[in-house]
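Protein chains in written order, with the numbering used here: chain R, 1 to 224; chain C, 225 to 667. Each residue gets a CB set at the ideal place from its N, CA and C atoms; glycine is no exception. Working notes for the structure below.
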Amino acid sequence: MKFDLQDNEVRALNQALHTEDAANASFSVVNPGGKHNVAAGAMFATSVDVHGHVGYYCAGMNQNATIQIHGNAGPGLAENMMSGRVEVNGNASQYCGATAHGGLLVVRGDAAARCGISMKGVDIVIGGSIGHMSAFMAQSGRLVICGDAGDSLGDSIYEAQIYLRGSAASLGTDCIEKEMTASHLEELAVLLEQSGIEHDPASFRRYGSARQLYNFNIDNVSAY
Amino acid sequence: MTNKIDTSWLRESATFTKPVIREIQRAANEGIYDIRGAGAKRTVPTFDDLLFLGASMSRYPLEGYRETCETEVTLGTRFAKNPVKISTPITIAGMSFGALSAPAKEALGRGASEVGTSTTTGDGGMTPEERGHSSKLVYQYLPSRYGMNPDDLRKADAIEVVVGQGAKPGGGGMLLGQKISDRVADMRNLPKGIDQRSACRHPDWTGPDDLEIKVQELREITDWQIPIYIKVGATRTFFDVQLAVKAGADVVVVDGMQGGTAATQDIFIEHVGIPTLPATRMAVDALKDMDMHRKVQLIVSGGIRTGADVAKALAMGADAVSIGTAALIAMGDNADEFEEEYNALGTSAGYYDDWQNGQDPTGISTQSDELARRLDPALAGRRVANYLRCLTLETQTLARAAGKSNVRNLEPEDLVALTVEASAMARIPLAGTDWIPGHGGRY
Numbered sequence: 001m002k003f004d005l006q007d008n009e010v011r012a013l014n015q016a017l018h019t020e021d022a023a024n025a026s027f028s029v030v031n032p033g034g035k036h037n038v039a040a041g042a043m044f045a046t047s048v049d050v051h052g053h054v055g056y057y058c059a060g061m062n063q064n065a066t067i068q069i070h071g072n073a074g075p076g077l078a079e080n081m082m083s084g085r086v087e088v089n090g091n092a093s094q095y096c097g098a099t100a101h102g103g104l105l106v107v108r109g110d111a112a113a114r115c116g117i118s119m120k121g122v123d124i125v126i127g128g129s130i131g132h133m134s135a136f137m138a139q140s141g142r143l144v145i146c147g148d149a150g151d152s153l154g155d156s157i158y159e160a161q162i163y164l165r166g167s168a169a170s171l172g173t174d175c176i177e178k179e180m181t182a183s184h185l186e187e188l189a190v191l192l193e194q195s196g197i198e199h200d201p202a203s204f205r206r207y208g209s210a211r212q213l214y215n216f217n218i219d220n221v222s223a224y
Numbered sequence: 225m226t227n228k229i230d231t232s233w234l235r236e237s238a239t240f241t242k243p244v245i246r247e248i249q250r251a252a253n254e255g256i257y258d259i260r261g262a263g264a265k266r267t268v269p270t271f272d273d274l275l276f277l278g279a280s281m282s283r284y285p286l287e288g289y290r291e292t293c294e295t296e297v298t299l300g301t302r303f304a305k306n307p308v309k310i311s312t313p314i315t316i317a318g319m320s321f322g323a324l325s326a327p328a329k330e331a332l333g334r335g336a337s338e339v340g341t342s343t344t345t346g347d348g349g350m351t352p353e354e355r356g357h358s359s360k361l362v363y364q365y366l367p368s369r370y371g372m373n374p375d376d377l378r379k380a381d382a383i384e385v386v387v388g389q390g391a392k393p394g395g396g397g398m399l400l401g402q403k404i405s406d407r408v409a410d411m412r413n414l415p416k417g418i419d420q421r422s423a424c425r426h427p428d429w430t431g432p433d434d435l436e437i438k439v440q441e442l443r444e445i446t447d448w449q450i451p452i453y454i455k456v457g458a459t460r461t462f463f464d465v466q467l468a469v470k471a472g473a474d475v476v477v478v479d480g481m482q483g484g485t486a487a488t489q490d491i492f493i494e495h496v497g498i499p500t501l502p503a504t505r506m507a508v509d510a511l512k513d514m515d516m517h518r519k520v521q522l523i524v525s526g527g528i529r530t531g532a533d534v535a536k537a538l539a540m541g542a543d544a545v546s547i548g549t550a551a552l553i554a555m556g557d558n559a560d561e562f563e564e565e566y567n568a569l570g571t572s573a574g575y576y577d578d579w580q581n582g583q584d585p586t587g588i589s590t591q592s593d594e595l596a597r598r599l600d601p602a603l604a605g606r607r608v609a610n611y612l613r614c615l616t617l618e619t620q621t622l623a624r625a626a627g628k629s630n631v632r633n634l635e636p637e638d639l640v641a642l643t644v645e646a647s648a649m650a651r652i653p654l655a656g657t658d659w660i661p662g663h664g665g666r667y
């Protein structure tokens, strides 16, 4: 099914994605023109190809669908995604994958600030670099960065895992480098393979929570 | 025999009162600020500072128990295909499963449903019990996004985007580790027993222009079926309400500083935000200024206790009110029958506000299975329903006395103010005069 967003409202596309007819169907979306909320709330195992750039909250709360954006994505890409796969060939703006619970988000280019903020189980693979405060308060899931990270990576992180190939401008509060075990190398290799991005897992370092701030203690107040 | 000291000549400092001295001593011993539940305890101008002018020679009253006085309100008429119709203008405010026990949430749903009104989720997501027992359920969309998922979003009767709340505008929340049971931890994707921080701002938008797009996203995901509320804590209310309307709200919820919280610093609760009384006036002014009064519905909350509070809020221009703390009290919070157990916690019935510590003997603000079992959700739900009915009857009583056949026909002209402060804040004339201090001033 082809949707030309120059002639159709985003609402028509989204409502079509919310019907059972969308299950196992393929959608080709052209002329997105940076519009917001493209393919928001997809529910079924639908294949969606978006040819061009999208605005805010593309693929928001995605469930089951495979959404490929052949362009760049605005803020909030795949926010609160539950499952499925979202892939951007270009770059992504702020807070991509924010609060996402599951599925796989792949950005082949760079992602801006707050990538994976408060992520809750999603896997995110960034082919390039990411901005500051990424993985802030990240709860669970895995964030793979093939380039560099901005300031305060993993600030106040909980149980999420970060794999970084380049370097971080700085680590956030309670985020530390951790040992890369064989099982971590193995899961990283799987993530890279699923993303279609080739790198040697051994060239990454692993970061996570020091778990020093999990329960409020007045003696830790200077950490904030 | 002991010598009794004559204390009649001792003079307490107005600056260093006994509670202030105790708090300084506590802070010195513990090295941390006081965290508690509930809302502001300080004296502020309230709806008590307004009076109704009943009907007399120039107004015609309606007969109580005989002549109809409508109470139904429809919320969310601006964009949603399915607005929320409630049979009384009193709703149950958002309170989380986590802060409250599962039986308490169930009881709120039961009580609200029995009288045909809505209840609201809170931080932590929607539980099946709550959805199952709530005929109309508003699903809060909060910065933490704990438990947020599109399936529950579509099960809701309305969405409430929470920008802030009256007890702590500009602040986030903290559910302390002792209240994080296996179930709460699972719903929030975090390990059991660790403090769970609820962020003070949303993770994926940073201002009103972004919020407008966010509201559109939520509408897209729910196919424009259900209303979207925007809730703000009362601060710069005139501007906040206008920005909420611009962002596309169907309903704006304004929560004054008397509004309760599950856990926040006492210093925050008592010193940030403004009372519900001026916030109501400012919100109505903001809507009228945009010609959106009654087109975007207004719900006010924060310290609503009686039908008089409800009627006065409606007279000032609100479409409905929300209750939180009062609903907990109706269920049994701070009941005398638990006095001994309150004493064991170092407090007394009527004063218990440590809702954050999980030791609530009533089984309401706890995640202890043992304590939660004490609360019978059917009985507590019945009490909530009784209380809501009582508030509704009181509201109707006052409306009939003012000659109104619908509670929403109450109007500012029906009110006078008792104090200069209340007059200035509510922009209601001081009783016996046509004077409103500061009228014409800017926000």
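Residue i - containing alpha helix (DSSP H), residue span
i, result
"D577 of chain C", "No alpha helix (DSSP H) holds D577 of chain C; DSSP gives it neither H nor E."
"G335 of chain C", "A326 to V339"
"I528 of chain C", "Taken as a continuous stretch (DSSP letters only), I528 of chain C belongs to no alpha helix (DSSP H), as it is neither H nor E."
"K470 of chain C", "T461 to K470"
"D584 of chain C", "Looking at the DSSP string, D584 of chain C is not in any alpha helix (DSSP H), and its letter there is neither H nor E."
"H51 of chain R", "No alpha helix (DSSP H) contains H51 of chain R, which is instead part of the beta strand (DSSP E) from S47 to H51."
"Y566 of chain C", "E563 to A568"
Distance between beta carbons of residue j and residue i, contact taken as under 8 angstroms
i, j, result
"T312 of chain C", "T345 of chain C", "Between T345 of chain C and T312 of chain C the Cβ distance is about 20 angstroms, and since that is not below 8 angstroms, they are no contact."
"L332 of chain C", "A646 of chain C", "The Cβ separation is near 31 angstroms, so there is no contact."
"I67 of chain R", "A39 of chain R", "5 angstroms"
"F3 of chain R", "A22 of chain R", "Actually they are not in contact, since the Cβ atoms of F3 of chain R and A22 of chain R sit about 12 angstroms apart, beyond 8 angstroms."
"I197 of chain R", "C146 of chain R", "6 angstroms"
Beta carbon proximity, residue i to chain C, threshold 8 angstroms
i, result
"E20 of chain R", "no"
"Y158 of chain R", "yes"
"S118 of chain R", "yes"
"R11 of chain R", "yes"
"M1 of chain R", "no"
"H101 of chain R", "yes"
Local Cβ density within 10 Å of residue i, reported as buried at 16 or more and exposed below that
i, result
"C614 of chain C", "exposed"
"P601 of chain C", "buried"
"N37 of chain R", "buried"
"K512 of chain C", "exposed"
"G483 of chain C", "buried"
"W579 of chain C", "buried"
"V244 of chain C", "exposed"
"G587 of chain C", "buried"
"E79 of chain R", "buried"
"E20 of chain R", "exposed"
"H426 of chain C", "buried"
"L184 of chain C", "The shown model of chain C, from 225 to 667, leaves out residue 184 of chain C, and the question about it has no answer."
Beta carbon of residue i nearer than 8 angstroms to that of residue j
i, j, result
"L188 of chain R", "V144 of chain R", "yes"
"V122 of chain R", "V107 of chain R", "no"
"A92 of chain R", "A65 of chain R", "no"
"D49 of chain R", "S28 of chain R", "yes"
"A409 of chain C", "V465 of chain C", "no"
"K305 of chain C", "W448 of chain C", "yes"
"E384 of chain C", "Y365 of chain C", "yes"
"K455 of chain C", "V477 of chain C", "yes"
"A655 of chain C", "P285 of chain C", "no"
"G103 of chain R", "R85 of chain R", "yes"
"S589 of chain C", "L324 of chain C", "yes"
"F271 of chain C", "A596 of chain C", "no"
Closer than 8 angstroms to chain R by CB, residue i
i, result
"I418 of chain C", "yes"
"L414 of chain C", "yes"
"I523 of chain C", "no"
"I493 of chain C", "no"
"P427 of chain C", "yes"
"R421 of chain C", "yes"
"M372 of chain C", "yes"
"E384 of chain C", "no"
"I229 of chain C", "no"
Where the beta strand (DSSP E) through residue i begins and ends
i, result
"Q68 of chain R", "T66 to H70"
"Y370 of chain C", "From DSSP, Y370 of chain C is part of no beta strand (DSSP E); its letter is neither H nor E."
"L639 of chain C", "L639 to A641"
"C175 of chain R", "C175 to K178"
"I404 of chain C", "It is not in any beta strand (DSSP E) - I404 of chain C carries neither H nor E in the DSSP assignment."
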